[in-house]
Each structure stands twice: as structure tokens, then as C-alpha cells.
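Enquirer: Numbering (this note's numbering), first residue to last: 553 to 1424. Mind looking over this structure? Questions follow.
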């Protein structure tokens, strides 16, 4: 039997909106012009996935039309308790309909009726001929379930669908489809403002229906029912029948524009235009119109006539290219497209000579990946002249960082996804038909080869080519060297810290057990909830928090202030040391290679500000919080007894960037005279002489300085400084009076972002901020903060990259035995021979302080030692 999907459009778009509206990713789900698309994106993605995975013969969507229906005539307060629809969701209802039109998917709406009623009419028309799946979160539709009708709903968001058939409904809700309206009559429905029988909850309703079958029979046998339940049932009998009547779906109308069902033919070209218009490049893959097949050859040897400037895509099975199995190469050039299996290619002398040749240019995707992966086999790749990943990232930092997404964002084409070939998760394997792998890899190399000129021209037009060619590319080569150099690990110290931390964690767990007086798992939020809120009856001063029974760190800290109890400190201590053990020490142990080094991956195209991040493992977080974490730095040492570690850290780089951008006289004067800028700020805002600034004043001034950069609001600043909101506001006002150039800069940046839709760094790195035009207060506030801190953070990140570029070049030129081994935010770490320490300090300090020229001097401090703890 053919399958048709009926979609409750309103229910799905509301669920799609609230699943993403306040998530971290929501800031990405807008166009560059500020049009909100988070709900549309999730709506479209879910339909796309269902259409592809379930092979529906057709898909039909039903919408509510207008706020008033025939049900309001029966109950004026119907759905009255629902909150107002957010403005940025209202804008998306029209776009959802535009999506459906583009896809060639039929939708219906009718005055005075709800989407549920339209779905009921369609189900009646179609279920004799088709199997019907109904996609909705509305339980009223469960009354339609029968052997040919199922309801698909989800626990959260728009994923993990549960299929409700007759058996599932009985198992989960203990009722039959025929009893759904009777159940609503008894228990009511707060979401629709249906009263039901007050005092009869879901559990009692199910018990009564299990015994009596339906509402009429309950009242016919009312004398058998317990006294308290009988009184409630009789008192609210009218409400019970009204609630039931309101829940019954209406079949008593026709859909005037109903179309007899023919097979759905998705309009891929129309969808492609829609996705391009609303900047949903990631949905284009797998949905857009297929292009002509790329012709390719599977080769078993390299020949000289294949030697040309080439695009080369290296495929690894897993993301960690320092460890992963290498699958093979997709290679495209003027002579053709080739797939070369790595098992053969690694032994091909002519091919390795081609890779190492400086005569032929190579275009790649992630140059660090291909160089580092092949370095394990002592295979060199020279003359890499283009990196599609870096070029594409600079042009559009919001595209997913994979080649398929980038290709889709520049061309209207679809290529295979890696998961379609190799699988995912535990099912991922390289044991795949060679033809399938060849098709995947040559598609990648083909589009790399053919898109190069277009992407380069786009960078030139956007004035970003210099950023790509003269900063990001040289930095990528420097980071490659850093990754290959690696970070040496003292295994004895690592083992010692692991053992000590295990003992500490166990001791704290025992202390918690004593207080709990029974066996408790400190890692279980549920058991900690029961201990704190039930057994010990601990509370915060916030009733909302108490109702949620949260056990998060910030709530526990809040609880400590309101109500002292030793168990709170113990739980916080347990989590701290358990995190050190599981998230750091154990991860470091599993990350150490045979050479006793950690070879982390520096992600150069991962952040909207241009900052470098780190993964496998994340070295950016080593020793960043408190003395217990700082102790971990002792694990990382010199690789030989004849070398020393040097750490160079930029001093107040973001404040120096702020001084340059704002041209504020007081800030520029402080840095020009090498004054402590926090003392200078304290002197100004507290109106005291510099010599009278105490440590507390300086600390508060430092907080305010960074609060200005990060756009901290008065309430947050008051919490950080532990002062009133009024005092926090006064501090900021005092700051802006003394540092008027900063205030002017902030206003200019926010106005520029509002007018242009983006801000940029000193070196033309752009960050698009559609949130500035959002009707959502929270998103608009985020946009205002991003408009100020993105140019500052982004410029600081660019300066770090210029420093890496300069110092790496100078060391390779004048001191090749000295190496950069790590980058941690504003800090660079080096391993140098002991006898060259002084010369290395001179080279590195000079390279970092002269990385760029600002209107205030750059300054670095440095330390030396034998492990990371000594240099921090």
C-alpha cells in the first residue's frame, strides 16, 4: 500500500521554532539581511529527511487559518492561555508556505477550522486507498489512529520520532483511539484551555476508562465510583462533556480546492532557488537537482602524462588525521579525474615524486590534513598553492566546515555525503565498494578544481584575498609544523596525577555517601536532586529554580549563598576533580602517540571571529581554571634535557586593539606611556590619583574594561562585581564619561552593523550579524554585543596569526632547531635549545611585537622553564 504523509503545519513550525530559537545555533539561522529562518530551516530539514527516508507517495500539509474557529463559539476561552506568537516566528509562516510552493508540496487551510480538522477530512478520504502517516505533536489526532493510520510525534525538537499505532497508544497512554476524546473530557487539556473534570488527573482518567470504556458509561455507573471521585464527576459533568466535544475532530466539511492524489514530484530546481535565497546551503546537498556524472578513472599507477597542476582531495576514514586510516585520493586536472587507492599510491614512486614536485601546483581542502596525514608515511607534498577550505571559510564563515557544504554554497549541485559511503558511528567502515569511494572522491576533487577561480575572484571582490593569501595560508603551514612537532608528555607525571585524582574523587564520593546515609551516585543528576531537594530539603531563594530542581554549578553556587550545607561544597568539589580526571587526564592519556607526544589539531576555520581552536585533544583549556587545573600543566615538558620551554603572552591585546579602533586619548596615553591600563581606568572612574588606586579598585576597573569589550549588561556586571545594578550602571556611565572615544566607537560599530549587516576586523575579516535586525530582544542584544566585540576579538585573533606567521618564518630561517609547539589563546609556547635561549627570546619577542603596527605598541611578556607549569 502506498504511503501518504499528512503534516500538521502549525504544530511542526511551532516545534521547529522553539527547538532552535534560544539555542546557541539560533544566531546562525538568519540570512545576511536579517530574515529569521530557524523555524523554516528545521521544518524543511525534517520534511526533506522524511521524504528521503520513507518514500512517501505524496505529502500534504494542513494549516490553521485565522485565530477564531467554530470551537470558539462553543468555548470563548478556547486556547486563551497560550502566549503571544513571537514576532520572528510570525515572519516565517509566509516563508514556510513559500518553501512548500517551491517544493511542489500541496497545502490546505480553511476559515473557521483547524489543521487537525483538515487532516481528519483528508484521512477519511485517503485511508481506504493509502497508508497514512500523520506528523504532529497534537494528541487530539490520536483519535484517527487505526490499522492504516499512524501518528508520528517526537519527544523533543524535531527529531527522534515515535510512531503511534494502536498498540503503541495502548502501551504509552493506556487508552484506545476511540477513548482519546473521552480521556480529554475527563483530564482536560491545559494547552487548549479545556477544563475537564477538576481533580481528575490523567492517571485517574485512564483507570476509569480502563474499567468503563467511555464517558457515557462512567456516568451510567456513577454510583459504583468512590465518593470523592463521584462528587467531582457530578460537579463538573458539563465541563467533561464540553471538553470531550471540543476534542472531537470535525469531518463535516469539504475542502473546496482538494486535488486527487498523484505522485509527489519534488521541484528540485525550485527548492534550490529557495535554499539559495534564504541561505540554507546545507539543505541543498541531497536535495538539489542532480548534475551530470563526473567521469573518472580508477588507477593503479601514476604516469608522467598525468603530471599537471591538480586538485587533490585526501580522504581519511575519521577526522583525526594524525591517527586515522587513509582511504585514498581524488585527483582532478586538465587530463582527467582519477581515484587512487592509498594502499597502492603510497608505494608509487612516480606519484610520490609528483606530490613532492615544486613544478606543479596543488589545490587541496585543508592543507594541514594532507601534509600531516602523509607525513606519517614520509610522503611530502610541495607547492600547495590553494586551500579551498580556508578560502571558502574567509568568504562565508557561517557555512558548515565540510567540502560538500562549501560546494553547495557556490554551485547548484549535489554530491555524495561521506556518511552515504562509509556509514557513521560504530557502523563506519572503509570496507566499501571501490567504485562508490571513487565517485565520492573524484566529485570532491572535480569541484575543487573547477571552483577555484570563482572563489578566488569572490575574495578579490570582497577585498579579502590578501587576508587569505598573506595570512591564513602561511599560518596554515606554520600550524602544520606545530602539529607535527607535537607536545611532549611526561608519562610518569601524568600517571601520578591520574592516581592522585582518582583517590581524591573516591574520598569526596565517600563523604557525600555519609551525608546521604545511603548509596548514591554523585554523577547522577536525579539522585543529587533527590538528596538536595527531598532528603535534605535544601532550597535557593528563587522559587522557579526550586521547581526546576536544577543541580547545575551556577545553581549550587547560588544555593550556597542562600543556605549553607557541607554537601553543596562536596558536590562541587567532586565535579571539579571528576572533570579533571575524565575530561583532561584520561583524555591526555588516550591522546599520547608512540613518540610520547600529543599531536593536537588546530582548527583554523572553526570560529566566527577567526580565533584558532584546538581538538583531539583541546589544548586551549589546559590549566585555565584554578590551581587544581593549573597543576596539569606540569605534565607537558621539554622533549630533551638540552632544551627549554619559552612562553610568550601578549599583554592586554584586546584593550590595545580597542584603543586603536576607538582612538580614545586616555587609552592611547596609558599604553603609549606603558602604564597599567587597569590602574589608569580605576583612577579615571573612581576619580582618584593613580597612587591612591588600591587592589580592589584595580580589580573592579579590570572587570569594567573587559565588560565594555564583551558588551556586559548592567545586571551581569553587578553580579560579577557583587554590587547593585544601580552601582554597576553608575560605573559604566563614569567609564564612558572619561573614555568618550570608546562610547563613540561602540555607537559607530553598532550603526555600521545595522546598515551593512556585518562588521570587520582591521584586516577585512567579516562577520555577518543579521541579529541586529531581529525583532527578538535577546537576539538583537546579542547582535549589538557582537558588533562591538567581533572587530576587537577578530583583530586580536588576526594579530596572533601574524605573530605565528612571522615567528615561524624567522625561526625556520635563523634558528631551525627552535620550534613553536603550541598556541593557547594569546600565548605561544616554544621549545628551544638551552644554549640558544637568549637569541630565541630576541627573535620571538621582536616577531610578536612587530607582528602588526597599531597606534599603540604591542607588548609581550615571557617566561622560561622545563614544563608548562613553570612558564605560566
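Ideal Cβ placement from N, Cα and C applies to all residues, glycine included.
Our contact map puts residue 952 next to residue 945 with C-beta atoms below 8 Å; I'd like the distance itself, whole angstroms only.
Expert: Sequence index remark: in the chain shown, residue 952 carries index 400 (1-based). Sequence index remark: in the chain shown, residue 945 carries index 393 (1-based). Between residue 945 and residue 952 the Cβ distance is about 11 Å, and since that is not below 8 Å, they are no contact.
Enquirer: Would you kindly report the start and end of the unbroken beta strand (DSSP E) that includes residue 1385?
Expert: For this step, residue 1385 is matched to residue 833 along the chain shown. Counting along the chain, the beta strand (DSSP E) containing residue 1385 begins and ends at 1379-1385.
Enquirer: Expressed to the nearest angstrom, what Euclidean distance is found between the alpha-carbon atoms of residue 840 and residue 1181?
Expert: Taking the chain shown and counting its residues from 1, the one referred to as residue 840 is at position 288. Taking the chain shown and counting its residues from 1, the one referred to as residue 1181 is at position 629. Residue placement at residue 840 is flagged as unreliable, the pLDDT there being 47, under the threshold of 50; the coordinate-derived value follows with that caveat. In a straight line, the C-alpha of residue 840 is about 49 Å away from that of residue 1181.
Enquirer: Less than 8 Å between the CB atoms is what I'm expecting for residue 1027 and residue 1156, so what's the real figure, rounded?
Expert: To locate residue 1027, count along the chain shown from 1; it is residue 475. To locate residue 1156, count along the chain shown from 1; it is residue 604. With 8 Å as the limit, residue 1027 and residue 1156 qualify as a contact, their Cβ atoms being about 7 Å apart.
Enquirer: May I have a chain-ordered list of the beta strand (DSSP E) segments no shorter than 3 residues that lie completely inside the stretch 1296-1340?
Expert: Qualifying beta strand (DSSP E) stretches, in chain order: 1310-1312, 1318-1320.
Enquirer: Roughly how many angstroms separate the alpha carbons of residue 1187 and residue 1042, rounded to a whole number?
Expert: Counted from its first residue, the chain shown places residue 1187 at position 635. Counted from its first residue, the chain shown places residue 1042 at position 490. Taking the straight line from one Cα to the other gives about 5 Å.
Enquirer: Whole angstroms are fine: how far does the CA of residue 933 sit from the CA of residue 926?
Expert: Position 374 of the chain shown, counted from the first residue, corresponds to residue 926. Position 381 of the chain shown, counted from the first residue, corresponds to residue 933. If you take the alpha carbons of residue 926 and residue 933, they lie about 8 Å apart.
Enquirer: Find out if the Cβ-Cβ distance for the pair residue 1025, residue 915 is shorter than 8 Å.
Expert: Start at 1 with the first residue of the chain shown, and residue 1025 comes out as number 473. Start at 1 with the first residue of the chain shown, and residue 915 comes out as number 363. Not a contact, by the Cβ cut-off of 8 Å.
Enquirer: Can you grab the Cα-Cα spacing for the pair residue 1196 / residue 1390, in whole Å?
Expert: Taking the chain shown and counting its residues from 1, one reaches residue 1196 at position 644. Taking the chain shown and counting its residues from 1, one reaches residue 1390 at position 838. The alpha-carbon atoms of residue 1196 and residue 1390 are separated by roughly 11 Å.
Enquirer: Cα-Cα, which of 648, 731, 921, 615 is closest to residue 1495?
Expert: In the structure as shown, the chain begins at 553 and stops at 1424. Residue 1495 is therefore absent and cannot be evaluated.
Enquirer: In the DSSP output, which residue or residues are listed as bridge partners for residue 1415?
Expert: Looking up residue 1415 in the chain shown gives position 863. Answer is 1199, bridged to residue 1415.
Enquirer: Keeping to the same chain, check which residues put their C-beta closer than 8 Å to that of residue 1076; ignore five residues upstream and five downstream.
Expert: Counted from its first residue, the chain shown places residue 1076 at position 524. Only residues of its own chain outside the window of five on either side were considered, and among them none has a CB closer than 8 Å to the CB of residue 1076.
Enquirer: For residue 1151 and residue 1167, I'd like the C-alpha separation in whole angstroms.
Expert: Position 599 of the chain shown, counted from the start, is the residue given in the question as residue 1151. Position 615 of the chain shown, counted from the start, is the residue given in the question as residue 1167. If you take the alpha carbons of residue 1151 and residue 1167, they lie about 10 Å apart.
Enquirer: Indicate the three-state DSSP secondary structure (helix, strand or coil) for residue 557 in the structure shown.
Expert: On the chain shown, residue 557 is found 5 positions in, with the first residue counted as 1. Three-state DSSP puts residue 557 in a strand.
Enquirer: Please specify which runs of the beta strand (DSSP E), each continuous and at least 3 residues long, are wholly inside the stretch 1031-1070, giving them in chain order.
Expert: none
Enquirer: Thinking residue 1434 and residue 859 are a contact (beta carbons under 8 Å), I'd like their distance in whole angstroms, please.
Expert: This structure gives no information on residue 1434, because the portion of the chain shown stretches from 553 to 1424.
Enquirer: Within the same chain, show all residues whose beta-carbon is closer than 6 Å to that of residue 1163, passing over the 5 residues directly before and after it, in chain order.
Expert: Position 611 of the chain shown holds residue 1163. Counting only Cβ-Cβ distances below 6 Å, and skipping sequence neighbours, we find 1349.
Enquirer: State the beta-bridge partners of residue 716 as determined by DSSP.
Expert: Here the question's residue 716 lines up with position 164 in the chain shown. Answer is 703, bridged to residue 716.
Enquirer: Would you call residue 580 buried or exposed, if buried means 16 or more other Cβ atoms sit within 10 Å of its Cβ?
Expert: For the purposes of this step, residue 580 is taken as the residue at position 28 of the chain shown. A caution first: residue 580 carries a pLDDT of 49, below 50, which makes its placement in the model unreliable, though a value can still be read off. It is buried - the Cβ of residue 580 has at least 16 other Cβ atoms within 10 Å.
Enquirer: Flag this pair as touching only if the stretch 1198-1205 and the stretch 1373-1385 have three or more C-beta atom pairs under 8 Å; answer yes or no.
Expert: yes
Enquirer: Taking buried to mean at least 16 other C-beta atoms within 10 Å of its own C-beta, is residue 929 buried or exposed?
Expert: Counted from its first residue, the chain shown places residue 929 at position 377. The residue is exposed, with fewer than 16 neighbouring Cβ atoms inside 10 Å.
Enquirer: Quick test of the definition: if touching needs 3 or more C-beta pairs under 8 Å, does the stretch 1203-1220 touch the stretch 1403-1418?
Expert: Yes, the stretch 1203-1220 touches the stretch 1403-1418.
Enquirer: What are the boundary residues of the alpha helix (DSSP H) that residue 780 is part of?
Expert: Start at 1 with the first residue of the chain shown, and residue 780 comes out as number 228. Looking at the DSSP string, the run of the alpha helix (DSSP H) that includes residue 780 is 779-787.
Enquirer: For residue 978, count the other beta carbons within 10 Å of its own beta carbon; 16 or more makes it buried, fewer makes it exposed. Which is it?
Expert: Numbered from 1 along the chain shown, position 426 holds the residue referred to as residue 978. Exposed is the call here.
Enquirer: First and last residue of the alpha helix (DSSP H) that includes residue 863?
Expert: Position 311 of the chain shown, counted from the start, is the residue given in the question as residue 863. Segment 862-868 is the beta strand (DSSP E) holding residue 863; no alpha helix (DSSP H) there.
Enquirer: Which residue wins for smallest C-alpha separation from residue 1354, given the options 1367, 1375, 1340, 1366?
Expert: Here residue 1354 is taken as the residue at index 802 of the chain shown, counted from 1. Nearest of 1367, 1375, 1340, 1366 to residue 1354, Cα basis: 1375.
Enquirer: Using a Cβ-Cβ cutoff of less than 6 Å, which residues in the same chain neighbour residue 1211 once the five nearest sequence positions on both sides are dropped?
Expert: If you number the chain shown from 1, residue 1211 lands on position 659. Excluding sequence neighbours, residue 1211 sits near 1219, 1220, 1223, 1408.
Enquirer: Three or more beta-carbon pairs under 8 Å between the stretch 603-615 and the stretch 654-674, yes or no?
Expert: yes
Enquirer: Could you have a look at residue 1169 and say whether DSSP puts it in helix, strand or coil?
Expert: For the purposes of this step, residue 1169 is taken as residue 617 along the chain shown, with counting starting at 1. Reduced to three states, the DSSP call for residue 1169 is coil.
Enquirer: Could you check which residue in 596, 583, 639, 598 has the C-alpha nearest to that of residue 1440?
Expert: Because the chain in this structure spans residues 553 to 1424, residue 1440 falls outside the shown range and cannot be described.
Enquirer: Closest to residue 686 by CA distance: which of 591, 966, 751, 608 is it?
Expert: Numbered from 1 along the chain shown, position 134 holds the residue referred to as residue 686. The residue with the shortest Cα to Cα distance from residue 686 is 608.
Enquirer: Using beta-carbon positions only, say whether residue 791 and residue 733 come within less than 8 Å of one another.
Expert: Translated into the one-based positions of the chain shown, residue 791 becomes position 239. Translated into the one-based positions of the chain shown, residue 733 becomes position 181. No, Cβ-Cβ distance for residue 791 and residue 733 is not below 8 Å.
Enquirer: Helix, strand or coil: which one does DSSP assign to residue 824?
Expert: Reading the chain shown from its first residue, position 272 is the one you call residue 824. In the three-state reduction of the DSSP assignment, residue 824 falls in the helix class.
Enquirer: Considering only the alpha carbon of each residue, which of 1118, 702, 562 lies closest to residue 645?
Expert: In the chain shown, counting from the first residue as 1, residue 645 sits at position 93. Out of 1118, 702, 562, 562 has the C-alpha closest to the C-alpha of residue 645.
Enquirer: Please state whether DSSP places residue 644 in a helix, a strand or coil.
Expert: The residue given as residue 644 occupies position 92 in the chain shown. Here residue 644 sits in helix by DSSP.
Enquirer: Are residue 1263 and residue 1215 closer than 8 Å when you measure CB to CB?
Expert: Taking the chain shown and counting its residues from 1, the one referred to as residue 1263 is at position 711. Taking the chain shown and counting its residues from 1, the one referred to as residue 1215 is at position 663. No, Cβ-Cβ distance for residue 1263 and residue 1215 is not below 8 Å.
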